[in-house]
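A short worksheet on the structure shown next.
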Amino acid sequence: MSAKHRQRFGFSLIELLLVVSIIGITTAIIMPNFVASIKGNRLRSATRKVVSAGRYSRSQAVLKQRDMALVFNLDNASFAIHPMRINFGRSGDNVAVEDVADASRAPDVSGDVDGESPSLTLDAMILERQLDMVTFEYIEVEALDGQYSEGKIPVIYRSNGTCMPYTIRLTDGQGSAVTVHVDELSTARTESW
């Protein structure tokens, strides 16, 4: 066979280097956008979880005709939903930041029973969720004066479908944040930063 008629099999070194360099350049261009998309997705997912937990708390309170507590644990970026009960004279798993018998946070309880003041306690948890690589920066609950950045902070959802208005800010540690505002009728509004 002559040199003109020989078949060529495989790739030359230059062709392989060209393909590898094209793949490297394409990866270098796409990867930062891909990583940013994953980080943004975590924050969006956490926001959806928080808003959904509020909606679920409200629906459970209305369906069961029993007050529910959505308790945000700011120390480990988790939240849990608990049914609530009123105790007279017994201590339990308190949900209040200062004094659970405060009328602004307690369900409608009139008077004392046998001279004991009512207090609110939590029953067995219905739902608990942990946020993935997103933290709660702070929460402000209208009935609780001040802004809290640590501890367990309760938000009461009442059996009539209303809740204690609150604002909670979620951050992803990369400078992105979302603020969720929930009004008394449990309507959630979000703002991204």
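The number in the numbering used here is simply the position in the sequence shown, starting from 1, with 69 added.
Just so it is clear, CB atoms sit at the ideal spot from N, CA and C, and this is done for glycine as well.
In this structure, does DSSP put residue i in helix, strand or coil?
| i | result |
| --- | --- |
| Val89 | helix |
| Phe80 | coil |
| Met233 | coil |
| Arg154 | strand |
| Val169 | Summary for Val169: the model assigns pLDDT 32, below 50, so the residue's position carries little reliability; its value from the coordinates is reported in the next sentence. The answer is coil: DSSP assigns Val169 none of H, G, I, E or B. |
| Ala149 | strand |
| Ile107 | helix |
For the beta strand (DSSP E) holding residue i, just list the boundary residues, first then last.
| i | result |
| --- | --- |
| Thr259 | Ala257 to Ser261 |
| Val203 | Premise fails: Val203 is in no beta strand (DSSP E) and is neither H nor E. |
| Ala246 | Ala246 to Val251 |
| Met137 | Met137 to Asn142 |
| Ile222 | Lys221 to Tyr226 |
Which same chain residues end up closer than 6 Å to residue i when comparing Cβ atoms and leaving out the 5 residues on each side of it in sequence?
| i | result |
| --- | --- |
| Ser147 | Gln199 |
Could you pull out every residue in the same chain whose Cβ sits closer than 7 Å to the Cβ of residue i, ignoring the five residues on either side in sequence?
| i | result |
| --- | --- |
| Val210 | Ile222, Val224, Met233 and Tyr235 |
Hey, residue i and residue j are a contact pair by Cβ (cut 8 Å); roughly how many whole angstroms apart?
| i | j | result |
| --- | --- | --- |
| Tyr112 | Ser218 | For the sequence presented, residue 112 should be read as Leu rather than Tyr. Contact flag wrong, Cβ pair sits at about 18 Å. |
| Gly123 | Ala257 | 6 Å |
| Thr240 | Thr204 | 6 Å |
| Leu143 | Gly215 | Actually they are not in contact, since the Cβ atoms of Leu143 and Gly215 sit about 13 Å apart, beyond 8 Å. |
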